Amino acid sequence: MAAVIARRIGDGDRVGIGVNSPIPAAAALLARRLHAPHARLRLTGSPEGERFLGSKEFFDMAQRGKIDLFFFSGIQVDRMGRINLHVLGDHERPRRRFAGAFGSAVLYQVIPRVILFRTEHSPRALVEQVDFVSAVGRPELLVTPRAVLAPGADGELELVSYSPWESIQSVRAATGWDLRIRPDVRATEPPTEHELEVLRALPVAG
Amino acid sequence: MLMALQAGASGIGWTPVPGLLGTDLLRVRTDFRVVPDPFQPEREVVLVPALAPEFALLQGRRADAAGNVVIGTAFDDRLLAQASTTVIVCVEEVREGAADRLHGDEQVIPAAYVDILTVAPHEGTGRATLRYVESRDRATVQP
């Protein structure tokens, strides 16, 4: 997942990384070591991140269009790329309650490029319709351990590529809606030996 | 929320907030409003009430005798102090010149915002001050 995301980070991109986004953080550090040495990271806790602005100023910057790329996950992600960070079940009587949107409702609509990531690719995580719309926007990609999805012309997420150990059928079976397949669907390019070496050598957050 | 605090800090009753359109936050937050943008009426904009807390309780690092507080930058504490009616700050130590020099992750909350200052060494073991306490203690212990 980190290698797939890293390949989407361009040299000089201004990349924001949330406080609970370890896979995008690894991807950004990987990209800086390979093809994007001048990517500018808003990544707290890393010496490679730019000096921390405070959340307020980060949001102000994003709202002024000065962040190019950001990452979200969600308890649920649906076929239109909406994310749920709030509750499972009815909002007033939830089965489970989670930490909340953390500004994603704003950032998803003001940051031009958003990549979604979800470490569980199953019918309960990738659903037809989220129980609660915490944030909505147009994602560039959804990256999971099984597959890479991207929106079609109507915004619905479609299968772009599947991990080498998966198939179109297995990804469709693990997805909670009737997943459309891109005509040029293929296996995801696996991480190269070099990408893996660099990833394994990344500093552990202190 | 940060924009709502900024509105509170500026003494404005509400503020427009970008984004939010199409989310269920607008369904459950009945105090949010969606109105036509007065300057671009074909677009909608979300208005939210200002946040102006009665009290802000902050954990600072150090302060000078005048009440200028040095605090970490991680939690928008200065904005919270600006927006709140009564600001109570606990610091590790009070000494002369405490606010004259700052480390990279520090900012000053001017005494003008601080209503009550308390001193409690080693209280700040939360994230905001833990590293500061640890590094100061190491500096104290080591010859």
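Protein chains in written order, with the working numbering: chain A, 1 to 206; chain B, 1001 to 1143. For every residue, glycine included, the Cβ atom is placed at its ideal position computed from N, Cα and C. Source: prediction; values computed, not measured.
Note on Val198/A: 16 or more other CB atoms within 10 angstroms of its CB, so buried under the neighbour-count rule.
Remark: fewer than three beta-carbon pairs, one from each stretch, lie closer than 8 Å, so the region 125-133 of chain A and the region 55-69 of chain A are not flagged as touching. Using beta-carbon distances, Val1028/B counts as an interface residue toward chain A, with a partner under 8 Å.
Contacts with chain A (Cβ-Cβ distance below 9 Å) from the region 1013-1024 of chain B involve Val1017, Pro1018, Gly1019, Leu1020, Leu1021, Gly1022, Thr1023 and Asp1024, listed in chain order. Residue state for Pro22/A is assigned as helix, using DSSP reduced to three classes.
The residue from Phe59/A, Leu53/A, Arg64/A and Arg82/A with its alpha-carbon nearest to that of Thr1073/B is Leu53/A. The continuous beta strand (DSSP E) containing Val15/A extends over residues Arg14 to Gly16. Note on Glu166/A: 16 or more other CB atoms within 10 angstroms of its CB, so buried under the neighbour-count rule. Residue contact with chain B for Val110/A: present (Cβ-Cβ distance below 8 Å to some residue of chain B). Think of a sphere of 8 Å around the beta carbon of Arg51/A: the chain B residues whose beta carbon falls inside it are Gly1104, in chain order. Ala1098/B sits close to Val1070/B, with the two beta carbons spaced by under 8 Å. Contact between the region 1040-1055 of chain B and the region 155-173 of chain A is absent: fewer than 3 CB-CB pairs across the two stretches fall below 8 Å. Separation of the CB atoms of Ile83/A and Ala39/A is rounded to 24 Å, and the pair is thereby denied contact status at 8 Å.
By the rule that beta-carbons nearer than 8 Å mark a contact, Thr1085/B does not touch chain A. Chain-ordered, the chain A residues with CB closer than 8 Å to the CB of Gln1006/B read Lys56. Interface criterion not met: the Cβ of Leu1051/B is under 8 Å from no Cβ in chain A. Taking 8 Å as the CB threshold, Gln63/A lines the interface with chain B. Note that the region 138-147 of chain A touches the region 112-119 of chain A; at least 3 beta-carbon pairs, one per stretch, sit closer than 8 Å. When the alpha-carbon of Leu1117/B is set against those of Arg1029/B, Arg1027/B, Cys1090/B and Met1003/B, the nearest one is in Cys1090/B. Residue pairing of Leu116/A in beta bridges, as defined by DSSP: Phe72/A and Leu142/A. For Ile1088/B, the enclosing beta strand (DSSP E) covers residues Thr1086 to Val1091. With the rule of 3 Cβ pairs closer than 8 Å, the region 1073-1088 of chain B does not count as touching the region 1037-1048 of chain B. Burial state of Ala99/A is exposed, judged by a 10 Å Cβ sphere holding fewer than 16 other Cβ atoms. Among the CB atoms of chain A, none fall inside 8 Å of the CB of Asp1037/B. For Val1094/B, the secondary structure class from DSSP, reduced to helix, strand or coil, is strand.
Per DSSP, Val1114/B is not a residue of any beta strand (DSSP E), being assigned neither H nor E.
When the beta-carbon positions are compared, Leu1005/B and Leu1058/B stay at least 8 Å from each other. In the three-state scheme derived from DSSP, where H, G and I count as helix and E and B as strand, Ile1071/B is classed as strand. Neighbours of Leu1058/B in chain A, taken as residues at a C-beta separation under 9 Å, are lacking, since the least C-beta distance is about 14 Å.
In this structure Ala1083/B is in contact with Gly1008/B, their Cβ atoms being roughly 4 Å apart against a cut-off of 8 Å.
For Glu1106/B, the three-state secondary structure derived from DSSP is strand.
Ile181/A sits in a strand when the DSSP states are folded into three classes.
Within the same chain, and ignoring the five residues on either side of Ala105/A in sequence, the residues whose Cβ sits closer than 7 Å to its Cβ are Ser134 and Ala135.
Three or more pairs of CB atoms, one per stretch, sit closer than 8 Å, so the region 2-12 of chain A contacts the region 188-195 of chain A.
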